[in-house]
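Start counting the sequence shown at 1; every next residue gets the next number (the UniProt record's numbering).
First up is the structure itself, then whatever we jot down about it.
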Amino acid sequence: MTLLVKWNRSNSNGSDAKHDAEDVQNVHSLESLIDTTLRFSRDMERAEDMKADIAIFYQIAQVTVRKVRIICLVKKQSYNTTCSTVTPVHLVALVTTFLPDNLPQLMLLVQFLLVSLLQFVALLSWITLLLLGSRVEKGGGATTKTHPNSDFATANASTHQTECKAISSRQMFEGKGRKKRMCVVCRFEGRYPTEVTDYCRTHSVCLCKLVHGDANTPFTCPESTWTCWEKFHRFYLPNGLFSAKGNLQRSSRLATLWAQHRCDTSDDTLVPSNEK
1 MTLLVKWNRS
11 NSNGSDAKHD
21 AEDVQNVHSL
31 ESLIDTTLRF
41 SRDMERAEDM
51 KADIAIFYQI
61 AQVTVRKVRI
71 ICLVKKQSYN
81 TTCSTVTPVH
91 LVALVTTFLP
101 DNLPQLMLLV
111 QFLLVSLLQF
121 VALLSWITLL
131 LLGSRVEKGG
141 GATTKTHPNS
151 DFATANASTH
161 QTECKAISSR
171 QMFEGKGRKK
181 RMCVVCRFEG
191 RYPTEVTDYC
201 RTHSVCLCKL
211 VHGDANTPFT
221 CPESTWTCWE
231 KFHRFYLPNG
241 LFSAKGNLQR
251 SSRLATLWAQ
261 HRCDTSDDTL
271 VPSNEK
C-alpha cells in the first residue's frame, strides 16, 4: 500500500545500517503504541465515529514518537521520514498500513455501542413513562380532595327555585331584633351568622347569599362554591337537617355528626339553634 508522505530512500552507507536497526525498533514501538491506542479507542465516550478514532491515534502517536524516525516496511523496502513532517493524513495512511484487519472490527464495535446507547435511552424513556403512568393511576399527582360528606345526596338546583320565594329579612322582621335575621346555615357551620339575609317564605328561615368556602368538616356541605341559600335547599334540607318549617332536626345524621365533632373538638361556638 502506498503511503501519502514524501519518502526518501535510505542511503546504502554503513551508518544507515545502524539507523535501520534503530528504525526497526521504533517500528515495533509504534506498533505497540497503535495496539494500545486501538484498545483505548474502544471507549466510545471519546470516539463517536472513525474521525474521532483517527484523531486519538494521531494525538497519542504524535506525543510518543515526536522527533523519532519512523520506518515503514512496505514490500520489503525501507523508507524513512521524521515525525516533524508527519500530518494527520500521513498518520491515517500509517494506521491503515499497520491495522488493515482491525478497522472493520472497530467499525462493528462503534455500531454496536451506538445501538446499545440508543436502546438504553429508549429503555430509560419507557421506564419514565411507566412510572409517571402508575403515579397518575394512583392519583399521586392529583390535587383534588374528597370531602367527608361526599356520600350525601344533593338536590337539583331547579327544585327550590320554582317553589321558594325570597324577600328581604329586614323587611320581614322590621322593628324586631337582629337575631331573627341571622343566617341559620352560617350558625350551623360555626361562623358568625350574617344579618344581611333573605327570608324563605316556604321554609321560614333566613339565609344569606354569600359564598363562604368549604369548612371541610364531617357535618358541613361539601360544595365550596354554593351560597348558604343553595346549601340549605340543595343539601341540608334534602338530608333531613332541617324540617319543612326550618326547624333543626337534632336526630338527623348531620346533627349527630355535628354533636360528635363538638365532643371531639370541645368547640362551644357551634351551637345550632331553632330560633328564627
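The beta carbon of each residue, even a glycine, is placed where N, CA and C say it ideally should be.
Taking the alpha carbon of residue i as the point to measure from, which residue in the options has its own alpha carbon closest?
i	options	result
K180	F188, Q249 and C206	C206
D198	A166, A122 and S243	A166
F173	N239, Q111, V196 and E189	V196
N216	R250, G177 and E189	E189
T220	Y236, M182 and E230	Y236
R187	L118, L129, I127 and C208	C208
S169	C200, F120 and R191	C200
R191	G177, S251 and G213	G213
For the ligand SAM, any of its heavy atoms closer than 7 Å to the Cβ of residue i?
i	result
K180	With respect to the ligand SAM, the structure shown offers nothing to examine, as it has no ligands at all.
Is the beta carbon of residue j closer than 8 Å to that of residue i?
i	j	result
C164	H203	yes
A255	L248	yes
V211	T194	no
T257	P222	The sequence given here places Leu at residue 257; Thr does not occur at that position. No. Outside cutoff.
G246	V185	no
Rounded C-beta distance between residue i and residue j? I'm assuming under 8 Å.
i	j	result
R262	N239	Wrong, their Cβ atoms sit about 18 Å apart, outside the cutoff.
Which ranges does the alpha helix (DSSP H) cover as unbroken runs of at least 4 residues, wholly within the region 173-233, from first to last along the chain? 184-188 and 228-231
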